[in-house]
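First the structure, in the form of structure tokens, and then the observations on it.
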Amino acid sequence: GQNIDQPTEMTATEGAIVQINCTYQTSGFNGLFWYQQHAGEAPTFLSYNVLDGLEEKGRFSSFLSRSKGYSYLLLKELQMKDSASYLCAVSGGSTLGRLYFGRGTQLTVWP
Amino acid sequence: EAQVTQNPRYLITVTGKKLTVTCSQNMNHEYMSWYRQDPGLGLRQIYYSMNVEVTDKGDVPEGYKVSRKEKRNFPLILESPSPNQTSLYFCASSRGQGGQPQHFGDGTRLSIL
């Protein structure tokens, strides 16, 4: 089966940096996504990695190591509005078209 | 405005009464998918469609049906709903699969009594 692991909860203070880790074991791999989901809302796309390395997008960066089955999402200069659930999702498996989500990491940013 | 539209947004119904949740996208996307989200379990894929008339099962297809007769629409059908299908449902679409970010609808909260 497919296995996506990420921490359940994290807390941080405004202005700080937080790193949310994701490890995965899938039978195929076609890329890894990070989504943000505020309470009661739909997930929104943050980043996509298919090759090893760091992708930077403003305050958010995402890293991938395919050999280790590992990714992280780095959030800098945290703001209160960053309080949300962060979802790691792996595209692949044995059939193209499958998308496997982790259970999400609930981040709380304190003033 | 580019969007994925789900209807209804909320529904309370009873066991065994057939229901359909509609999903429509206006972005000409090939790929569409349905998920359910339950506390502690995260998002789980129910069915997906790579294009018109092409559908396949996800992780939790039991009790659900889908169809893709037109590119823009991907309805989710519960022929005989049961209480364990009480959940938050999301429809999503993307330009293709593999590397394309998914655009999610606003969700449908279903309660089956």
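Protein sequence lines, in the order shown, are assigned to chains S and F. If you're matching positions, the first sequence starts at 1 in my numbering and goes up one per residue. If you're matching positions, the second sequence starts at 1 in my numbering and goes up one per residue. For every residue, glycine included, the Cβ atom is placed at its ideal position computed from N, Cα and C.
Skipping 5 residues on each side, what residues in its chain have a beta carbon closer than 6 Å to that of Asn73 (chain F)?
Ser24
Exposure label - Gln79 (chain S); buried when at least 16 CB within 10 Å:
exposed
Against chain F, with Cβ distances strictly below 8 Å, would Gly86 (chain S) count as a contact?
The question names Gly, but residue 86 (chain S) in the sequence shown is Tyr. Taking Cβ atoms only, chain F never reaches closer than 8 Å to Tyr86 (chain S), which makes this a no.
Helix, strand or coil: how does DSSP classify Asn26 (chain F) here?
coil
Check whether the stretch 17-36 of chain S touches the stretch 49-65 of chain S, counting contact only when three or more Cβ pairs, one atom from each stretch, lie closer than 8 Å.
yes
Through-space distance from Leu113 (chain F) to Phe45 (chain S), alpha-carbon basis
Across the structure, Phe45 (chain S) and Leu113 (chain F) are spaced so that their CA atoms are roughly 33 Å apart.
Can the beta-carbon of Arg44 (chain F) be found less than 8 Å from the beta-carbon of Tyr35 (chain F)?
yes
Mind listing which residues of the stretch 42-62 of chain S have their C-beta closer than 7 Å to chain F's C-betas, in chain order?
Ala42, Pro43, Phe45, Tyr48, Val50
Report yes or no: do three or more beta-carbon pairs, one from the stretch 77-87 of chain F and one from the stretch 84-93 of chain S, lie closer than 8 Å?
Segments in contact, no.
Do you know how far the Cα of Tyr100 (chain S) is from the Cα of Val60 (chain F)?
12 Å
Using C-beta distances below 8 Å, list every residue in its chain close to Thr86 (chain F), excluding the 5 sequence neighbours before and after it, in chain order.
Leu110, Ser111, Ile112
Does the distance from the C-beta atom of Ser49 (chain F) to that of Val21 (chain F) stay below 8 Å?
The answer is no: Cβ separation not under 8 Å.
Under the DSSP definition of a beta bridge, which residues are partnered with Val18 (chain S)?
S:Leu75
Nearest to Glu70 (chain F) by CA position, among F:Leu19, F:Asn26, F:Tyr10, is which residue?
Considering only alpha carbons, the answer is F:Asn26.
Beta carbons nearer than 9 Å to chain F: which residues of the stretch 90-111 of chain S have them?
Ser91, Gly92, Thr95, Leu96, Gly97, Arg98, Leu99, Tyr100, Phe101, Gly102, Arg103, Gly104
Residues of chain S with CB under 9 Å from Pro75 (chain F), in chain order?
Those within 9 Å of Pro75 (chain F) in chain S number zero; the least Cβ separation is about 18 Å.
Quick check on Gln25 (chain S): does DSSP put it in helix, strand or coil?
strand
Buried/exposed call for Pro43 (chain S), threshold 16 Cβ in 10 Å:
It counts as buried.
Quick check on the burial criterion: 16 or more other C-beta atoms within 10 angstroms. Buried or exposed for Thr11 (chain S)?
exposed
Is Asp33 (chain F) close to chain S, meaning its C-beta is less than 8 Å from at least one C-beta of that chain?
Checking the displayed sequence, the identity of residue 33 (chain F) turns out to be Ser instead of Asp. Yes, because at least one Cβ of chain S sits closer than 8 Å to the Cβ of Ser33 (chain F).
Going along the stretch 20-32 of chain S in order, which residues come within less than 9 Å of chain F, judged by CB to CB distance?
Asn30, Gly31
Under 8 Å, CB to CB, which of the residues in the stretch 13-44 of chain F have a partner in chain S?
Listed by position along the chain: Tyr31, Ser33, Tyr35, Gly40, Leu41, Gly42, Leu43, Arg44.
Quick one: which chain S residues come within Cβ less than 9 Å of Gln102 (chain F)?
Phe33, Tyr35, Pro43, Phe45, Ala89, Leu99
Would you identify the three-state DSSP class for Lys69 (chain F), choosing helix, strand or coil?
Here Lys69 (chain F) sits in coil by DSSP.
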